[in-house]
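First up is the structure itself, then whatever we jot down about it.
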Amino acid sequence: NLERAVSASGRQVAAIESTVAALGWDGLPSDLRQTALARLANPEATLAELGAFHDPPLSKTTVHRRLARLAALAVEGAGGGRSLE
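-10 is the number of the first residue of the sequence shown in our numbering; add one for each residue after it.
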């Protein structure tokens, strides 16, 4: 389980870096930006811990969905360079 979590965290960090490189921080919606910053600052954190860093706190499911959206943006070439807001 620990190995899977570390591997997932690494993939999430790479997806965030790719998306930010294409869109910039201002190109991300504020909800995704907040989650991305939390993941980058806490690469070892569990989804529950990442949720607790938000104000108000988020569920693991919400954090997972946000990270999945960031990963999808990275796969899609970060939305073709368009802003999502």
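C-beta atoms are modelled at their ideal positions from N, C-alpha and C, and glycine is treated no differently.
- Excluding five sequence positions before and after Ala57, none of the CB atoms of its chain fall closer than 7 Å to its own CB.
- Within the stretch -2 to 31, the complete alpha helix (DSSP H) segments of 4 residues or longer fall at 19 to 30, listed in chain order.
- With a beta-carbon spacing of about 12 Å, Ser(-4) and Pro32 fall beyond the 8 Å limit used to define contacts.
- Taken through DSSP and simplified to helix, strand or coil, His53 comes out as helix.
- The three-state reading of DSSP puts Ala34 in coil, since its state is none of H, G, I, E or B.
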